[in-house]
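Remarks on the structure that follows.
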């Protein structure tokens with residue numbers, strides 16, 4: 001256990017107050033377009049070098065089109081004697097997303113066609129949207145709806161759907177290599193905290209962290225409306241997608257549930273890296289097969305793109321009772337859960353950035369460690385460099401130009417960070433050397449002309 | 001469970017009364033050659049377009065030779081005072097197959113050398129043959145034999161072994177493609193019901209079924225004496241064996257035991273197809289490794305042929321107490337078990353015939369399903385076409401020219417038939433297209449010149 | 001169980017008294033160089049054609065250098081009144097290996113810096129060395145050390161470290177092929193019995209055994225000081241290493257523990273062969289993954305050599321309480337355990353030597369076994385040749401030029417020896433033929449121009 005604790009403790013605290021950011025963003029009404037998204041991104045841009053992009057309504061993006069922009073100022077249901085029964089000002093979830101404007105007196109029967117409740121959770125307001133529905137609707141607690149027994153009601157929705165734009169945020173951190181890690185979070189949900197203010201907060205903190213570090217890989221962070229935002233970004237970046245060598249969708253990372261990592265469609269190397277990090281994190285977790293439902297991995301992992309991207313969650317969408325209800329509020333999200341999620345992904349990024357392939361400078365037998373001051377005095381004792389004898393032996397044995405450091409760590413079942421330290425010792429002693437970066441990879445120069453032994457049947 | 005029930009319920013009832021056919025065929029005395037085989041095939045030919053082939057005794061077939069034809073008219077053991085103790089007319093099992101003619105008085109001691117009983121099952125008559133033994137023998141209950149304590153007996157076997165021919169039946173149903181599915185059943189066992197009148201009945205019903213359907217693949221049904229019949233057919237069809245792309249030996253498919261599927265030698269795709277069908281059938285079953293013992297898969301899967309053929313059974317030969325005894329009678333075979341076996345193989349044939357590979361017409365992101373009327377109104381609700389949203393998403397995600405529909409179904413763990421419906425919807429909406437048939441397969445035209453993303457180590 | 005017993009019983013008794021040899025070698029003081037190693041090798045050479053090699057101190061070998069030779073004549077700790085408290089003549093473990101000469105009166109406090117005990121095992125003397133430490137030291141029971149409470153002691157070590165040579169033994173048995181099996185044991189431990197007099201004794205017995213047999217493969221046995229001996233041999237044999245097609249390090253093979261086989265780094269075929277032998281031996285055993293710690297497999301499996309070598313042990317070094325203490329004496333090693341280890345490796349060598357690939361002379365269908373006298377009269381009965389019908393069918397089915405006999409045995413889960421007998425029957429009947437040796441391997445001549453059937457998706 002001490003090893004595992006060491007690992008997760010080794011990441012510093014997040015550079016911002018994650019839960020504070022969730023609370024700050026919570027009251028804003030977001031949808032896939034409109035003022036709420038802009039206001040959200042403006043807050044993120046106060047912390048970071050976020051670039052904000054606007055794509056006009058009507059722009060063709062792959063099989064889709066950027067929709068009209070939706071904005072809403074107010075919405076109410078009143079009794080005919082003027083009492084306000086439902087008020088959008090009280091809770092953003094009260095209005096179905098993309099509701100068209102309406103001002104009308106309606107019978108209860110007609111209103112019932114436009115009301116959404118949760119009879120099994122009568123005290124919660126559901127979250128509903130109808131982006132392409134040309135309709136309107138209200139969401140409320142079932143308790144309230146059952147108590148509303150008047151014959152007619154006055155409804156007002158002061159919204160508009162009109163040409164505007166889709167807004168998203170992008171933050172790029174160039175590294176030594178053009179190969180990039182893509183981290184995305186969706187920003188289109190109104191007052192829901194775990195889905196996905198948690199993902200937004202953790203992604204922003206990671207962006208701030210990576211901005212302060214030396215980077216071998218490049219890093220790109222996207223804050224996008226789900227589906228149409230991913231489609232739009234993909235359409236505008238098709239020619240550059242081959243730079244993405246690892247990617248992660250972050251969502252629902254703030255509750256107290258165990259971690260769930262949903263693997264990439266293609267079985268990309270990020271799957272192994274994340275499994276390694278979670279395995280050694282000491283946190284309960286589950287690795288899930290890819291499936292074509294969920295968040296924007298659906299778009300990134302569509303067949304012609306097939307990007308090497310997974311999705312990190314704690315509780316899985318659709319499986320926890322607070323999902324898509326008014327109970328997904330800032331109290332449901334826990335500060336320590338956000339910090340853990342941050343630490344897990346930060347550890348992952350450190351691993352991805354540091355993962356390299358080495359080859360022994362002379363791989364014939366073990367080098368004499370004693371005369372290099374690398375041989376333990378007493379078995380099991382750790383060296384000053386922080387790597388034990390065993391870790392050094394693993395690096396020296398598997399530094400053959402065919403095993404990445406992560407592959408070594410998995411074969412040895414030792415945390416990556418500890419093998420990384422052993423590799424540093426071996427590099428400093430000129431016992432190993434790196435074989436190429438990512439772009440600049442060349443086959444390792446093995447001992448010249450050594451014939452491999454026959455492995456007979 | 002409803003899914004599984006749907007699947008097996010989806011196959012119509014057999015076109016003939018399977019148990020009735022078993023009862024009709026049961027009294028006939030069959031061997032690897034002779035009148036019984038001809039009479040059996042004649043009954044099958046009354047139902048179907050069966051072609052009956054005769055191959056003369058002495059014909060060289062691979063390492064073997066077609067044997068002399070054996071026919072038997074009567075056989076008895078009588079006491080010297082004339083009482084008939086054992087009469088072939090009572091049960092075909094009473095005489096060892098290929099017994100040569102004999103008319104003789106013998107001591108009990110001499111007779112004992114030619115008598116076969118089952119001391120552990122003293123009320124049952126064993127089934128024995130001696131095709132190449134130049135011998136004769138009787139089979140009877142051990143109870144009877146223990147009661148026969150006379151010093152001598154009169155034995156008569158009125159049989160003959162003489163040049164004639166080996167007889168087998170073949171039924172070929174051409175399809176759109178010349179690739180064929182080969183279904184075989186052995187016809188050389190006398191009055192045994194599960195081994196193999198069950199296989200004969202199910203194979204005939206399947207042939208009648210496939211004859212009435214549109215066929216993409218071709219289908220060939222063989223009704224052959226075991227071993228020598230398979231050898232003979234193989235010898236006469238060597239140049240055409242590469243047409244066989246899936247094959248199945250049917251035997252012991254009429255008892256109440258769980259299903260057993262014995263895989264092909266080569267790990268052919270029929271193994272996965274049958275495993276899929278059994279998995280989703282809801283029936284208890286077991287998948288067995290290939291071994292070189294058993295039925296005619298021994299010949300079809302011999303090393304130089306190595307045909308992609310498995311063997312479907314319910315109870316496994318040699319493991320049930322009725323096997324090769326007079327207890328393997330029409331009461332041991334159950335009508336509902338025969339019908340289940342028919343339904344399982346019919347489902348398999350439908351799967352094989354419909355299994356194709358698709359590619360998205362534009363695989364970049366998800367298509368906008370809403371404007372095509374393919375987007376669900378409420379999560380989980382099924383479409384009119386019978387496919388749910390999830391199934392459609394699987395097809396759209398895996399239609400990359402690399403996954404057959406069966407591979408999609410296995411990855412999604414969804415019955416093939418349901419993915420097939422989703423694929424139909426996607427085809428109709430021109431969201432996917434087929435990539436080649438079997439013979440006409442050409443590599444899929446993927447999105448031109450799209451560079452795949454790097455999956456870095 | 002009878003099968004398994006048959007297998008291990010099938011190897012004859014060892015050609016020498018293994019436990020007697022352990023007892024004979026035990027009193028000799030060995031180190032990585034010096035008189036003790038020479039005396040040990042001289043005893044082995046009395047039994048065999050062992051060649052003894054001397055490599056001068058200072059010779060460069062890979063990253064290392066052959067060290068000075070260490071010899072020791074006597075060593076004592078005495079009280080100042082002349083009582084002898086610790087005497088090297090009583091136990092070779094009393095002096096730390098490679099202790100430099102010293103003659104001095106020392107305070108208890110100073111002596112304490114050079115004394116090694118085992119507080120948790122206060123009645124045992126530990127084994128310690130300091131090859132490159134330029135130091136000296138004594139090992140004793142903790143009980144004795146606690147009783148030594150004088151202020152000062154007189155210490156004398158009459159040793160010398162001076163130019164000489166490293167000594168090792170090599171025994172080569174040429175076979176029909178130049179491909180060789182390499183068996184090694186380390187000889188540098190003083191009076192320790194399981195580690196590694198057990199390995200020395202078993203390796204010598206195997207060498208004597210193989211010398212008396214027809215050999216298809218060649219066999220090389222090395223008796224070397226650990227690490228530096230392996231490094232030295234590798235340095236002097238680099239150009240010939242590609243002849244090694246299987247190899248085994250033998251150590252700790254004399255105690256009563258279960259067998260442990262540590263696999264090769266590369267996953268070589270010896271791993272499967274040893275797993276097969278242990279599986280069918282009936283002995284409890286465990287297969288362990290490779291790791292870069294342990295015995296000379298560390299050198300042989302270093303990345304640029306990567307020889308196909310595993311390591312056979314009973315109890316694993318470092319895990320049994322007697323390890324590297326005075327309790328690892330001849331009583332700890334059991335005669336029957338040594339004999340079992342001998343039998344297991346002898347069975348392995350027989351397997352490696354006999355493992356071949358066959359192809360059917362005509363692989364179309366089963367051959368007619370009856371007319372060749374190879375068909376069983378009664379199911380399950382064994383043939384005179386010692387192979388059952390089932391074993392013969394496996395050989396005939398898998399003799400396709402792609403399965404070695406070991407691969408057949410593993411697929412059939414039948415002991416190699418029994419399939420070997422079946423193959424002999426099939427060879428004698430000209431039903432199969434061998435496809436190439438190791439060096440002379442040529443692709444099998446399959447039935448000409450046979451098109452393989454399509455295995456459709």
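Protein chains in written order, with the UniProt record's numbering: chain A, 1 to 457; chain B, 1 to 457; chain C, 1 to 457.
Yeah, the Cβ is synthetic: ideal placement off N, Cα and C, and Gly gets one too.
Since we're looking at a predicted model, the values are computed, not measured.
From the DSSP output, in three-state form, read off residue i for me.
i, result
"residue 416 of chain A", "helix"
"residue 77 of chain A", "strand"
"residue 378 of chain B", "Unreliable positioning characterises residue 378 of chain B in this predicted model, as indicated by a pLDDT of 34, which lies under 50. A coordinate reading is not provided."
"residue 312 of chain C", "strand"
"residue 88 of chain C", "coil"
"residue 100 of chain B", "coil"
"residue 126 of chain A", "strand"
"residue 390 of chain B", "helix"
"residue 396 of chain B", "helix"
"residue 154 of chain C", "strand"
"residue 372 of chain B", "helix"
"residue 56 of chain C", "strand"
"residue 29 of chain B", "coil"
"residue 401 of chain C", "strand"
Shorter than 8 Å from the beta carbon of residue i to some beta carbon of chain B?
i, result
"residue 142 of chain A", "no"
"residue 299 of chain A", "yes"
"residue 121 of chain C", "no"
"residue 321 of chain C", "no"
"residue 265 of chain C", "no"
"residue 416 of chain A", "no"
"residue 405 of chain C", "no"
"residue 132 of chain A", "yes"
Between residue i and residue j, how many whole angstroms is the CB-CB distance? I'm expecting something under 8 Å.
i, j, result
"residue 205 of chain B", "residue 342 of chain B", "5 Å"
"residue 368 of chain B", "residue 306 of chain A", "Contact doesn't hold; Cβ gap of about 20 Å is too wide."
"residue 127 of chain A", "residue 324 of chain A", "4 Å"
"residue 201 of chain B", "residue 18 of chain B", "4 Å"
"residue 30 of chain C", "residue 187 of chain C", "6 Å"
Could you list which residues in chain C have their beta carbon closer than 9 Å to that of residue i, in chain order?
i, result
"residue 172 of chain B", "Within chain C, no residue comes near residue 172 of chain B; the closest Cβ sits about 17 Å away, beyond 9 Å."
"residue 436 of chain A", "Simply none; closest approach about 17 Å."
Should residue i be flagged as near chain A, meaning a C-beta pair shorter than 8 Å?
i, result
"residue 233 of chain C", "no"
"residue 292 of chain C", "yes"
"residue 305 of chain C", "yes"
"residue 383 of chain B", "Note that residue 383 of chain B scores 44 on pLDDT, short of 50, meaning its location in the model is unreliable; the coordinates nonetheless yield the value given after this. So, not an interface residue."
For a contact defined as C-beta to C-beta under 7 Å, what are the partners of residue i on chain A?
i, result
"residue 302 of chain C", "363, 364, 365, 366, 397"
Name, please, each residue of chain C whose Cβ falls closer than 8 Å to the Cβ of residue i.
i, result
"residue 62 of chain B", "362, 364, 365"
Name the chain B residues whose beta carbon is nearer than 9 Å to that of residue i?
i, result
"residue 370 of chain C", "131, 132, 133"
Three or more C-beta pairs closer than 8 Å, one from the segment 130-148 of chain B and one from the segment 89-107 of chain B: is that the case here? Because the criterion of three Cβ pairs below 8 Å is met, the segment 130-148 of chain B and the segment 89-107 of chain B touch.
Report yes or no: do the segment 309-319 of chain A and the segment 249-266 of chain A share at least 3 C-beta pairs separated by less than 8 Å? Taking a cut-off of 8 Å on C-beta distances, the segment 309-319 of chain A touches the segment 249-266 of chain A, as three or more cross pairs fall below it.
For the segment 103-120 of chain A and the segment 152-168 of chain A, state whether three or more C-beta atom pairs, one from each stretch, are separated by less than 8 Å. Per the Cβ contact rule, the segment 103-120 of chain A is in contact with the segment 152-168 of chain A (3 or more Cβ pairs under 8 Å).
Between the segment 401-409 of chain A and the segment 347-362 of chain A, do at least 3 Cβ pairs fall closer than 8 Å? yes
Any chance the segment 238-258 of chain C sits against the segment 83-90 of chain C, with 3 or more Cβ pairs inside 8 Å? no
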